Every structure is written in structure tokens, then in C-alpha cells.
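Read through the structure below, which is laid out as C-alpha cells, and then see the notes.
Protein chains: 2
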Amino acid sequence: MSDFDDDASDLEESPFFVQSLAKGLSVITAMGTQHSQVSLADVARATSLTRATARRLVLTLERLGYVRGTDGLYSLTPKVLELGFSFLGSTSIPEAAQPHLEALSRSVGESTSASLLDGTDIVYVARVSARRTVSLSIDIGTRLPAYATAMGRVLLAALPDRELNEMLAGLTLRQLTERTIRSKDALHAEIDRVREQGWAMVDQEALEIGLLSIAAPVSRAGRVVAAINISSSANRVAAVDLVAEFRAPLLATARAVSAELEHRDLR
Amino acid sequence: MSDFDDDASDLEESPFFVQSLAKGLSVITAMGTQHSQVSLADVARATSLTRATARRLVLTLERLGYVRGTDGLYSLTPKVLELGFSFLGSTSIPEAAQPHLEALSRSVGESTSASLLDGTDIVYVARVSARRTVSLSIDIGTRLPAYATAMGRVLLAALPDRELNEMLAGLTLRQLTERTIRSKDALHAEIDRVREQGWAMVDQEALEIGLLSIAAPVSRAGRVVAAINISSSANRVAAVDLVAEFRAPLLATARAVSAELEHRDLR
Numbered sequence: 000m001s002d003f004d005d006d007a008s009d010l011e012e013s014p015f016f017v018q019s020l021a022k023g024l025s026v027i028t029a030m031g032t033q034h035s036q037v038s039l040a041d042v043a044r045a046t047s048l049t050r051a052t053a054r055r056l057v058l059t060l061e062r063l064g065y066v067r068g069t070d071g072l073y074s075l076t077p078k079v080l081e082l083g084f085s086f087l088g089s090t091s092i093p094e095a096a097q098p099h100l101e102a103l104s105r106s107v108g109e110s111t112s113a114s115l116l117d118g119t120d121i122v123y124v125a126r127v128s129a130r131r132t133v134s135l136s137i138d139i140g141t142r143l144p145a146y147a148t149a150m151g152r153v154l155l156a157a158l159p160d161r162e163l164n165e166m167l168a169g170l171t172l173r174q175l176t177e178r179t180i181r182s183k184d185a186l187h188a189e190i191d192r193v194r195e196q197g198w199a200m201v202d203q204e205a206l207e208i209g210l211l212s213i214a215a216p217v218s219r220a221g222r223v224v225a226a227i228n229i230s231s232s233a234n235r236v237a238a239v240d241l242v243a244e245f246r247a248p249l250l251a252t253a254r255a256v257s258a259e260l261e262h263r264d265l266r
Numbered sequence: 000m001s002d003f004d005d006d007a008s009d010l011e012e013s014p015f016f017v018q019s020l021a022k023g024l025s026v027i028t029a030m031g032t033q034h035s036q037v038s039l040a041d042v043a044r045a046t047s048l049t050r051a052t053a054r055r056l057v058l059t060l061e062r063l064g065y066v067r068g069t070d071g072l073y074s075l076t077p078k079v080l081e082l083g084f085s086f087l088g089s090t091s092i093p094e095a096a097q098p099h100l101e102a103l104s105r106s107v108g109e110s111t112s113a114s115l116l117d118g119t120d121i122v123y124v125a126r127v128s129a130r131r132t133v134s135l136s137i138d139i140g141t142r143l144p145a146y147a148t149a150m151g152r153v154l155l156a157a158l159p160d161r162e163l164n165e166m167l168a169g170l171t172l173r174q175l176t177e178r179t180i181r182s183k184d185a186l187h188a189e190i191d192r193v194r195e196q197g198w199a200m201v202d203q204e205a206l207e208i209g210l211l212s213i214a215a216p217v218s219r220a221g222r223v224v225a226a227i228n229i230s231s232s233a234n235r236v237a238a239v240d241l242v243a244e245f246r247a248p249l250l251a252t253a254r255a256v257s258a259e260l261e262h263r264d265l266r
């Protein structure tokens with residue numbers, strides 16, 4: 000079942016909901032999960048749409064240049080990428096952060112990133128890889144659960160109490176590594192600590208054992224809008240040294256990005 | 000006027016064209032050109048839709064999580080990025096190329112990339128930046144005119160004659176730098192040369208003066224599906240040295256990526 004079919008009765012009652020837009024977007028995401036060309040029957044199956052509906056949507060996407068077809072087999076075109084990058088065009092945060100993250104990465108010799116909160120996930124919007132960490136595949140658009148990451152905890156710490164409590168209540172903590180935080184009480188206490196100290200450190204709780212991250216908030220007009228981090232390997236640096244060495248340059252960079260955003264808003 | 004309104008009469012005649020999908024996608028791209036939140040009136044103006052239609056589409060996108068609204072002002076959410084990355088999920092080329100491009104970049108100390116042909120443009124689908132070239136902003140999804148780039152000429156050279164001639168006939172050559180190729184005859188001669196030698200070199204014709212690139216084709220099942228390149232700066236290396244130094248490792252990497260794609264198809 001696709002997302003919008005889950006509560007179709009509710010949605011169909013709304014005169015504002017445009018079913019064919021929702022269905023068309025589900026066709027794009029469904030085609031993105033296939034590593035090869037797909038038939039109209041494949042699309043219909045993956046989206047729970049009728050074959051006739053799938054056909055009209057795929058042909059419309061083909062006409063618009065988002066899909067290419069040969070001999071009844073269809074695939075997405077690179078034009079779909081532009082659709083995604085619409086988001087990056089709509090926010091000045093990646094552009095403002097990138098040069099500062101590059102300078103920070105050069106100065107500390109580690110990878111740096113910026114991310115935003117989207118629901119209960121963080122989404123990477125900028126990333127500078129230190130050459131030595133090429134093995135770890137994090138790219139713009141990568142999503143990770145906020146609760147298990149340093150950037151996520153910085154962003155959760157900035158939520159108003161009511162919103163934070165609602166989110167925590169609905170959350171399921173998964174053991175992403177053997178060190179991922181296990182209880183919501185411990186998570187809440189950790190978030191309180193982040194609120195007090197103004198930065199977060201996560202020691203091998205997300206992605207893979209061996210990964211350390213320290214993060215700080217970026218503000219715009221007094222509101223936290225993003226987080227930036229420095230990530231390193233437990234093989235190279237102990238958690239306590241990560242904080243001692245990187246906290247000051249990280250906080251300075253966070254202030255610089257915040258100032259840059261303020262400056263852009265005034266232009 | 001938005002794209003699909005240009006020949007609305009033609010399209011409206013087709014029973015297969017889903018107008019509201021086309022309009023919804025145009026809302027996403029229009030919102031991506033704004034660097035801030037927009038009102039429904041802004042969306043209507045940018046897309047040439049009525050205010051009522053714009054409202055239904057924006058509310059549908061909000062319901063689906065692609066748009067976020069507060070106080071009548073709307074912006075895209077990072078979920079839109081996922082839509083774009085659908086394309087990357089649908090092709091195994093970036094994944095197959097990335098480790099080889101990283102090894103190549105490390106061994107030659109320059110930036111490396113992979114791109115696909117989309118219409119008359121190349122679109123970057125993988126990129127490894129040598130630390131020293133951070134100033135130049137090329138990212139996944141970046142589009143450049145094929146005729147002015149080395150990767151583009153490799154991809155044009157792989158087109159059947161009829162398709163190539165049709166494309167060249169419809170093309171307008173723009174002077175991207177003072178060195179960009181000026182005549183279609185010269186371009187055709189250059190493409191013939193690329194066909195013979197199996198690689199292309201472009202000396203400061205695209206993007207900016209100072210940029211050199213050498214490119215080679217990647218094949219899958221005997222058909223060219225992508226191009227990879229090494230790009231460098233005219234300050235560091237002369238065009239003739241670029242070829243002498245980098246051609247062999249570039250061609251070896253192109254063969255390795257082609258073999259990797261073949262291997263994946265056989266699995």
C-alpha cells in the first residue's frame with residue numbers, strides 16, 4: 000500500500016486533496032526503488048494503482064521529461080534530480096554553510112556536515128568529507144534518526160517542551176549500534192544536558208561502531224534552524240579529546256554560519 | 000507560463016496527460032526558485048495557475064510532507080530531496096563508479112566525476128573533489144551543456160549519426176568562456192576525433208577559464224551509458240601534460256567501471 004492509501008477514506012473526503020498528484024509522486028518514488036527499467040505492470044504493483052492509472056501517470060511523466068521509455072520499459076531520467084534539488088534552492092542554509100564547513104574540515108582534518116530536522120529524522124544538506132573517511136557513505140539527502148545523532152540532539156534540544164515531549168512519546172528507539180541510547184528517560188536527560196551546554200556529543204551510537212560526532216546549533220533570527228557537526232573515528236580520537244580539541248572551532252563555525260544567514264537576510 | 004501550458008491545446012487532447020500531476024510538479028520547481036517562504040499568491044503567479052488550483056496543490060503537497068506551512072507562508076521540506084534521489088536509486092551507475100573515482104582521484108590528486116547525457120546537457124551523478132578545488136561548485140545534479148565539456152563530447156560521440164546530427168542542428172552554441180568552441184563544423188570535427196581516439200579533452204571552454212578536463216566513456220552491454228573525467232587547473236598542468244599524465248589511468252578507470260556494471264548485471 001502506498002502512503003496516501005493508508006487513510007484514503009479520510010483523504011477522499013477532503014476537497015483539497017489532489018489524488019493524481021499524490022499518485023504521480025508515488026510513481027516517482029516507487030520507480031526509484033528499482034535498480035533497472037520497469038514495466039507498467041511493475042509500477043502498478045509497486046504503487047497499488049490500477050494498470051490504467053499507472054499508465055496515464057507514467058506517460059505524463061514521460062511527456063514532462065521525468066521518465067524515459069523504450070519497448071514498454073521505463074526508467075527515471077536525471078531531470079528527477081532537479082525536482083529534488085528544488086529543496087536546496089529553496090533554502091539558503093547549505094550555500095551559507097558550505098564554505099565555513101570546508102574551512103572547518105581543513106583546519107581540523109575531519110569530515111563536517113550540516114543537517115536540518117524533518118519530522119523525527121535529520122537530513123544532511125551539506126557535507127565535506129575528509130579524504131580518509133571515504134568509506135562511509137553519507138551524502139546530501141541522507142536521513143538518520145535524530146535521537147541517535149549529535150546533530151539530531153542539538154535540533155531536538157531546540158524544540159519547545161510540548162513539541163519535544165510529543166515527539167519523544169511517539170518515538171521507538173532502535174538499537175542502531177550496541178551503544179545506541181536505550182531509554183527515553185536517558186534520552187530526555189541527555190537532551191536537557193545539550194540545552195544547558197549548547198552542544199552535543201555522540202559516541203558510536205549511530206551508523207556504525209567507531210563513529211564519534213560533536214554538533215552545535217545554527218540560528219537564524221534567534222531560532223535554531225540547522226545543526227553542524229565534526230565527525231571522527233574512535234580509532235583516531237577518544238570522545239574526551241574530541242570535545243577538548245573540536246568544541247571551540249565547531250562553536251566558532253556555528254556562530255559564523257549563523258552570522259552569514261543573518262547577513263543574507265538583511266541584504 | 001509554465002512548461003506544460005505552452006502547448007496546452009495539444010496536451011488537453013491527450014486522454015493520457017494528467018494535468019494535475021504536471022501542475023503539482025511545476026509548483027515544486029517554482030517553490031524551489033524562491034530563497035524564502037512563499038504565499039499561495041506567489042505560487043499562483045510563478046506557475047500561471049489560478050489561486051484556487053495553487054491552493055489545492057500546495058495543501059496536497061503539505062499533506063504529503065513535501066511542503067510545510069505557517070501563517071499562510073509555505074516552503075519545501077527536505078522530503079523533496081528524496082524525490083530527487085529517486086533517480087539515483089534507479090541507476091546503479093553512481094554507486095558502481097564512486098569507489099573507482101575515489102581511487103582515481105587519490106592516485107592523480109585531482110577531482111574526478113561521472114555524468115550522464117540528458118537531452119543536450121550532461122548531468123553530474125558522482126563527484127570526488129580534490130581538496131584544492133573546493134572553490135568550484137559542482138555537485139550531483141549539476142547540468143552543463145554537453146557540447147562544451149569533455150564528458151559531453153564523449154557522450155555525443157557515442158550517439159548514432161542521425162541522432163547526433165539532429166541534436167547539433169537544434170543546438171545554439173553559447174560562448175561560455177572566451178575559448179568555447181564557436182562553430183558547429185568545428186564541434187562536429189572534434190566529435191569525430193573523439194570517436195576515433197576514444198577520449199575527449201577540453202581546454203578551458205566551459206564553466207571558467209582555467210579549467211581543463213579529460214573524459215572517457217563508460218559502457219554497459221556494449222552501449223555507452225556514462226562518461227567519467229579528471230578535471231584540473233591550467234595553473235597546475237598544461238593541456239598536453241594532462242593528456243600524457245592522465246589518459247592511461249582515466250581509461251583504465253573507465254574500463255573498471257564498465258566491468259563493474261557488467262558484473263552487477265550478471266549477478
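The listed protein sequences derive, respectively, from chains A and B.
First residue of the first sequence? That's 0 in numbering that gives the first Met the number 0, and the numbers climb one at a time after it.
First residue of the second sequence? That's 0 in numbering that gives the first Met the number 0, and the numbers climb one at a time after it.
Backbone N, C-alpha and C define an ideal beta-carbon position, used for all residues, glycine too.
These figures come from a predicted structure and were not determined experimentally.
Nearest-angstrom Cβ-Cβ length linking residue i and residue j, presumed shorter than 8 Å
i: Ala205(A); j: Leu175(A); result: 5 Å
i: Ser257(A); j: Val201(A); result: Contact doesn't hold; Cβ gap of about 22 Å is too wide.
i: Ser38(B); j: Leu60(B); result: Their Cβ separation, rounded to whole angstroms, is 15 Å, which puts Ser38(B) and Leu60(B) out of contact at 8 Å.
i: Gly23(B); j: Gly23(A); result: 7 Å
i: Val124(A); j: Leu115(A); result: 6 Å
i: Leu172(A); j: Arg181(A); result: 6 Å
Own chain residues within Cβ distance below 7 Å of residue i, not counting five before or after
i: Gly64(A); result: Thr76, Lys78
i: Ala43(A); result: Thr49, Arg50, Ala53
i: Ala29(B); result: Val42, Ala45, Thr46
i: Arg246(B); result: Trp198, Ile213
i: Arg62(B); result: none
Same chain only: Cβ atoms within 6 Å of residue i, ignoring 5 sequence neighbours per side
i: Ser19(A); result: none
i: Glu162(A); result: none
i: Leu260(B); result: Ala95, Arg219
i: Ala156(B); result: Ile190, Val193, Arg194
i: Val239(B); result: none
i: Lys183(A); result: Leu167
i: Ser91(A); result: Arg263
Span separating the alpha-carbon of residue i from that of residue j
i: Leu249(A); j: Glu101(B); result: 27 Å
i: Leu82(A); j: Ile27(B); result: 7 Å
i: Phe3(A); j: Ser74(B); result: Only weak support is given to the placement of Phe3(A): the predicted model assigns it a pLDDT of 42, under 50, and the value that follows is read from those uncertain coordinates. Roughly 21 Å separates the two Cα atoms.
i: Arg254(B); j: Arg222(B); result: 13 Å
i: Ser104(A); j: Val242(A); result: 15 Å
i: Leu154(B); j: Leu265(B); result: 24 Å
i: Arg178(A); j: Pro14(B); result: 56 Å
i: Ala129(B); j: Val107(B); result: 9 Å
i: Pro159(B); j: Ala145(A); result: 50 Å
i: Ser35(A); j: Leu80(B); result: 21 Å
i: His187(A); j: Thr141(B); result: 41 Å
i: Ala40(A); j: Leu143(A); result: 32 Å
i: Leu211(A); j: Arg55(A); result: 48 Å
i: His99(B); j: Ala185(A); result: 43 Å
i: Ile121(A); j: Gln97(A); result: 17 Å
i: Thr252(B); j: Glu244(B); result: 14 Å
i: Leu58(B); j: Asn164(B); result: 45 Å
Residues near residue i in its chain [Cβ-Cβ closer than 8 Å; skip 5 each side]
i: Thr32(A); result: Ala45
i: Ile139(B); result: Leu87, Pro93, Tyr123, Val124, Ala125, Arg126
i: Met166(B); result: Thr119, Leu155, Leu158
i: Gln203(A); result: Thr176, Arg178, Gly209, Leu210, Leu211, Ala233
Residue i: CB within 7 Å of a non-hydrogen atom of the ligand MG
i: Arg44(A); result: For the structure depicted, the ligand MG is absent and the ligand set is empty, with no information on it obtainable.
Min CB distance residue i to chain C below 8 Å
i: Met30(B); result: In the structure shown, chain C does not exist; the protein chains are A and B.
Three CB pairs or more closer than 8 Å across the stretch 102-117 of chain B and the stretch 82-89 of chain B: no
Any 3 or more C-beta pairs closer than 8 Å across the stretch 52-71 of chain A and the stretch 224-244 of chain A: no
Segment contact, 8 Å Cβ cut-off, at least three pairs: the stretch 150-166 of chain A with the stretch 221-230 of chain A: yes
Unbroken stretches of the beta strand (DSSP E), 3 residues or longer, contained in the stretch 199-257 of chain A: 199-202, 210-219, 222-232
Segments of 3+ residues assigned as beta strand (DSSP E) that fall wholly inside the stretch 82-120 of chain B: Listed in chain order, the complete beta strand (DSSP E) runs (minimum 3 residues) inside the stretch 82-120 of chain B are 110-117.
Those runs of the alpha helix (DSSP H) which lie wholly inside the stretch 157-181 of chain B and span at least 4 residues: 160-169
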